[in-house]
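Chemist: Going by the numbering used here, the sequence shown opens with residue 277, and the numbers climb by one from there. C-beta: ideal position from N, C-alpha, C; glycine also. Below is one structure. I have some questions about it.
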Amino acid sequence: AAQQDPIYLSVVQNNFDPILAVFDIENSEKGYLIDASDYFNNDSPGFNVVPDRLKKAYKMGGVDKKRSAIDRVASFPMNTEITHTLTYSASEAPRGNRSETLSFQINHSIIELPKDPMPIRYEDKRVGWFSLGQINYSSEALKSDAYRVARRWRLKPTDVAAYKRGELVTPVKPIVYYLDPATPLKWRPYFRKGIEDWNSAFEKAGFKNAIIAKDAPTQEEDPDFSPEDARFSMVRYVASTTRNATGPSVSDPRTGEIIESDIIWYHNHLRSYRNRYLLETAAANPKARTLDTPEAEIGEMMRRVISHEIGHALGLPHNMKASSAYPVDSLRSGSFTQKMGIATTIMDYARYNYIAQPGDENIRFVRQLGPYDDYAIEWGYRHFPEQSPEEVREILRAWVDGYSNKPMYMFGGRGNDPDAQTENIGDDPVRASGYGLKNLKVVAKNLRAWTLAPNSGYEDLEELHGEMLGVYRRYVYHVLTVIGGVHETLLNSNQVGVPYKNVAIREQLAALDFLKRELWAPQDWLISSELVSSFAANGALEKVTGVQTAALERLLSERKLNQMLSSEQTLEGQGLSVSELLSQLRNHIFSSLDAKELSNRALQKGFILQLQSLLEMKDLHPEIKGYVHHNLQEIKGFVKKAAKGKSELLKAHFSYCVSLF
């Protein structure tokens, strides 16, 4: 509440900050001196060092103070860093730990907040932005008004008059990232580009040179420089077997101002990108047909990962809607992909162009920044020197009204929307996955030739085969989401259209036909003897049938079927009915498949068991249970008749199916 409002007194009186600890004041001559040693040498309130699940799993007790210590304290102009080790008793510690203890090293940062709080920017849910929740008791809405503020860096123009004239202006305090001295020299240019690529987006907000990459100074150049100093943001290069990168930041809880950020790149993340580059693009991309990916190609991928993580540190969350904006056919065009990339933002998980086919020329295969990034950065960093946060909110709302319902600028990433999936590209999941699988079959056929070197083992081939199954699963699951899917468009009430609409029935039927060809039918190319004989992959067959089983469980889950029934009755657009879904699946799995194939027999048994399990689900709508019962009766009649056939194999299979009823 505003301090001048009478209700402010009530807010103060009825809200109480938590007390984490009470300390004696040891000295107050130049400030307040307290002894916090015991607080940091304990599992004190506010730490939450060990999750409850681990405490239960390892039967952990309290902190053993004799084996715990404060390791290091370092102070800087605006923060203090405290590193300490806590050792807990653990009667069921992990195997190999004979001490019956578990030790954790923890670092705590105490950071001074700005004396002059930054003006807030109210969140608009139609533009993706990390945000902090607040409550306003001065609201006129006849209740407390919950709102959220965007997390942003404080960027102010050095020359406000020039900025107002529309000229590009440098910020008073640019965003600076220092490169970890541990970063290999050959990768530093790519890291630097990945950081400074965002300058093109900041120019849309009126700033030039808003973000800068620098090498960290040496001890000789600046003996006081430290990565732990909150005045400096870093890109850390971590020697670890982890395959990941992250982009966390620290922000002022009052205003959302981002104070500092550390991007973390884990060394083994390189391996993930090499493998996926080969599996997803090699059919159309000769440069990817090797385990020795050219340095320039790896560097380009690293550059884009750094850009993605920097995007998080600037305030942008994932935008999974962005990868569905471009037409599938456009992603086979060299001129289009070189200009527009493969998605409208770097903040989606749209990593590679798996749609482009052999013979397509001048294709861009790796992601890059796009038009949504320009739009989002302008929303967050456009400076309004003379307007209040409330006035800025209204200006930006009107501006977003003209963009947010256009595919190029949509934001989203929830639930049943097939346009907001991870790892996908293109506006038609069925066609996109069709192209992807066509390419993956080419890769499977050539995987040995492209990866086996003279006098080498088969470890890499086995690793790639396992990841190839994962790529196959992703392409199939992209299509699964179409069935029973609901398009979500984030709109305000003054915009044309409705926020929720069923996926068209023709698209859902096309998805079912795709599954019939590419999932329910045998997929021998995934487990060809030429591949599997090289490394005797135990469980290769089970992994493929496991994809089928998991897909059935997704399609026939209680939650999905109930949601489909509800959407059919309440949302705009004619979607696929539950009864039609069950009928189509029954025909595809029993009438159309040859039970002489082992995978088909497993699928038929699994389908019966999944339908039977639905009848036991107490929260499944009774209407759906009627559809399920009808389909089980139809299958029962079919398998009874088939069990009388001449083939011993099929008699055994269908007799077993009969026994399931």
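Could you give the residue range of the beta strand (DSSP E) that holds Trp429?
Modeler: Stepping through the sequence shown from its first residue, residue 429 is reached at position 153. That residue, Trp429, is in no beta strand (DSSP E); it is neither H nor E in DSSP.
Chemist: So which of His906, Tyr334, Ser889 has the shortest CA-CA distance to Arg371?
Modeler: In the sequence shown, the residue the question calls residue 371 occupies position 95. If we check each option's Cα against that of Arg371, Tyr334 comes out closest.
Chemist: For Pro775, which residues of its own chain have a beta-carbon under 8 Å away from its beta-carbon, when the five flanking residues on both sides are left out?
Modeler: For the purposes of this step, residue 775 is identified with residue 499 of the sequence shown, where counting begins at 1. Glu764, Thr765, Leu766, Leu767.
Chemist: How is the alpha helix (DSSP H) around Met744 delimited, first residue to last?
Modeler: Within the sequence shown, residue 744 is the residue found at index 468, counting from 1. Met744 -> alpha helix (DSSP H) spans 735-756.
Chemist: Please name the residue or residues paired with Ser509 in a DSSP beta bridge.
Modeler: Here the question's residue 509 lines up with position 233 in the sequence shown. Bridge partners of Ser509: Tyr453.
Chemist: I'd like the list of long-range same chain contacts for Thr698, defined as Cβ closer than 7 Å, with 5 residues on each side in sequence excluded.
Modeler: Along the sequence shown, read from residue 1 onward, the residue named residue 698 stands at position 422. These residues qualify, in order along the chain: Met596, Tyr625.
Chemist: List the DSSP bridge partners of Val526.
Modeler: In the sequence shown, residue 526 corresponds to position 250, counting from 1. According to DSSP, which records beta bridges pairwise, Val526 is partnered with Glu536.
Chemist: In this structure, does DSSP put Pro898 in helix, strand or coil?
Modeler: For the purposes of this step, residue 898 is taken as the residue at position 622 of the sequence shown. Here Pro898 sits in helix by DSSP.
Chemist: Do you know how far the Cα of Tyr753 is from the Cα of Phe883?
Modeler: Position 607 of the sequence shown holds residue 883. Position 477 of the sequence shown holds residue 753. One C-alpha to the other measures close to 18 Å.
Chemist: Given a cut-off of 8 Å, decide if Ser320 and Leu296 are closer than it, judged by their beta-carbon atoms.
Modeler: As a first step, residue 296 is located in the sequence shown; it is residue number 20 there, counting from the start. As a first step, residue 320 is located in the sequence shown; it is residue number 44 there, counting from the start. Their beta carbons are under 8 Å apart, which means Leu296 touches Ser320 by this criterion.
Chemist: In the DSSP assignment, find the beta strand (DSSP E) that holds Leu408 and state where it starts and stops.
Modeler: Taking the first residue of the sequence shown as position 1, residue 408 is located at position 132. 407-412 is the extent of the beta strand (DSSP E) around Leu408.
Chemist: Anyone know if the C-beta pair for Phe292 and Val326 falls short of 8 Å?
Modeler: Taking the sequence shown and counting its residues from 1, the one referred to as residue 292 is at position 16. Taking the sequence shown and counting its residues from 1, the one referred to as residue 326 is at position 50. Contact: no.
Chemist: For the beta strand (DSSP E) containing Arg348, list its first residue and its last residue.
Modeler: Within the sequence shown, the letter at position 72 stands for residue 348. Its beta strand (DSSP E) spans residues 345-352.
Chemist: Could you spell out the range, first to last residue, of the beta strand (DSSP E) harbouring Gly882?
Modeler: Taking the sequence shown and counting its residues from 1, the one referred to as residue 882 is at position 606. Counting along the chain, Gly882 falls outside any beta strand (DSSP E), though it belongs to the alpha helix (DSSP H) covering 874-891.
Chemist: Where does the unbroken beta strand (DSSP E) through Ala826 begin, and where does it stop?
Modeler: Within the sequence shown, the letter at position 550 stands for residue 826. Not the beta strand (DSSP E): Ala826 falls in the alpha helix (DSSP H), residues 816-831.
Chemist: Taking all protein chains shown into account, decide if Pro694 is buried (16 or more other Cβ within 10 angstroms of its Cβ) or exposed.
Modeler: Residue numbering aside, residue 694 sits at position 418 when the sequence shown is read from its first letter. Buried is the call here.
Chemist: State whether the stretch 501-508 contacts the stretch 349-367, with contact taken as three or more CB pairs (one from each stretch) at a distance under 8 Å.
Modeler: Flag = yes, the stretch 501-508 and the stretch 349-367 touch.
Chemist: Decide if the stretch 676-690 is in contact with the stretch 584-600; the criterion is three or more beta carbon pairs, one per stretch, under 8 Å apart.
Modeler: Yes, the stretch 676-690 is in contact with the stretch 584-600.
Chemist: Identify whether Trp474 lies in helix, strand or coil by the three-state DSSP scheme.
Modeler: Numbered from 1 along the sequence shown, position 198 holds the residue referred to as residue 474. Residue state, collapsed to three classes: coil.
Chemist: Quick check on DSSP: helix, strand or coil for Phe914?
Modeler: As a position in the sequence shown, residue 914 is number 638, starting the count at 1. In this structure, Phe914 counts as helix in the three-state DSSP scheme.
Chemist: For His584, which residues from the same chain have a beta carbon less than 6 Å from its beta carbon, with the 5 sequence-adjacent residues on both sides left out?
Modeler: Counting from 1 along the sequence shown, the entry for residue 584 is found at position 308. Closer than 6 Å at Cβ, skipping near neighbours: Ile622.
Chemist: What three-state label does DSSP hand Lys490 in the structure shown?
Modeler: For this step, residue 490 is matched to residue 214 along the sequence shown. Of the three classes helix, strand and coil, the one that applies to Lys490 here is strand, per DSSP.
Chemist: Just the Cα atoms here: how many angstroms apart are Ala720 and Arg397?
Modeler: Residue 720 sits at position 444 when you count from the first residue of the sequence shown. Residue 397 sits at position 121 when you count from the first residue of the sequence shown. Each residue's alpha carbon lies about 50 Å from the other.
Chemist: Which residue marks the beginning of the beta strand (DSSP E) containing Phe612, and which one marks its end?
Modeler: The residue labelled residue 612 in the question sits at position 336 within the sequence shown. Phe612 -> not in any beta strand (DSSP E); alpha helix (DSSP H) instead, spanning 610-616.
Chemist: Below 7 Å CB to CB, which residues in the same chain sit around Asp736 once its five sequence neighbours on both sides are set aside?
Modeler: Here the question's residue 736 lines up with position 460 in the sequence shown. Result list for Asp736: Leu567, Thr727, in chain order.
Chemist: Ignore the nearest five residues each way along the sequence and tell me which others in Arg424's own chain have a CB closer than 6 Å to its CB.
Modeler: The residue labelled residue 424 in the question sits at position 148 within the sequence shown. Here the set comprises Glu399, Ser407, Gly409.
Chemist: Lys341 to Pro294, Cα distance in whole Å?
Modeler: Against the sequence shown, residue 341 aligns to sequence position 65. Against the sequence shown, residue 294 aligns to sequence position 18. Rounded to the nearest angstrom, the two C-alpha atoms are 26 Å apart.
Chemist: Could you give the distance in angstroms between the alpha-carbon of Lys922 and the alpha-carbon of Gln909?
Modeler: On the sequence shown, position 646 is the one that residue 922 refers to. On the sequence shown, position 633 is the one that residue 909 refers to. Rounded to the nearest angstrom, the two C-alpha atoms are 23 Å apart.
Chemist: Within the same chain, show all residues whose beta-carbon is closer than 8 Å to that of Asn544, passing over the 5 residues directly before and after it, in chain order.
Modeler: Residue numbering aside, residue 544 sits at position 268 when the sequence shown is read from its first letter. Around Asn544: Ser516, Thr517, Thr518, Arg519.
Chemist: Could you spell out where the beta strand (DSSP E) holding His594 opens and where it closes?
Modeler: Your numbering for residue 594 matches position 318 in the sequence shown. Premise fails: His594 is in no beta strand (DSSP E) and is neither H nor E.
Chemist: Excluding five sequence neighbours on each side, which residues of the same chain lie with their C-beta closer than 6 Å to the C-beta of Gly482?
Modeler: Within the sequence shown, residue 482 is the residue found at index 206, counting from 1. Closer than 6 Å at Cβ, skipping near neighbours: Tyr439.
Chemist: Pull up the DSSP beta-bridge partners for Thr377, would you.
Modeler: On the sequence shown, residue 377 is found 101 positions in, with the first residue counted as 1. Answer by DSSP bridge pairing, in chain order: Ser365.
Chemist: Does Lys872 come within less than 8 Å of chain C when only Cβ atoms are used?
Modeler: Included in the structure is just one protein chain, with no chain C present.
Chemist: Evaluate Pro433 with the Cβ neighbour count: other Cβ atoms within 10 Å of its Cβ, from every protein chain shown; 16 or more gives buried, anything less gives exposed.
Modeler: As a working note, residue 433 is residue 157 in the sequence shown. Pro433 comes out buried.
Chemist: Need the endpoints of the alpha helix (DSSP H) that Val676 sits in, please.
Modeler: Counting from one through the sequence shown, the residue named residue 676 turns up at place 400. First-last of the alpha helix (DSSP H) with Val676: 665-677.
Chemist: Got a sec? Which residues, its chain only, sit under 8 Å from Asn681 by beta carbon, not counting five neighbours each side?
Modeler: Numbered from its first residue, the sequence shown carries residue 681 at position 405. Cβ within range, chain order: Thr765, Leu767, Gln771, Val772, Gly773.
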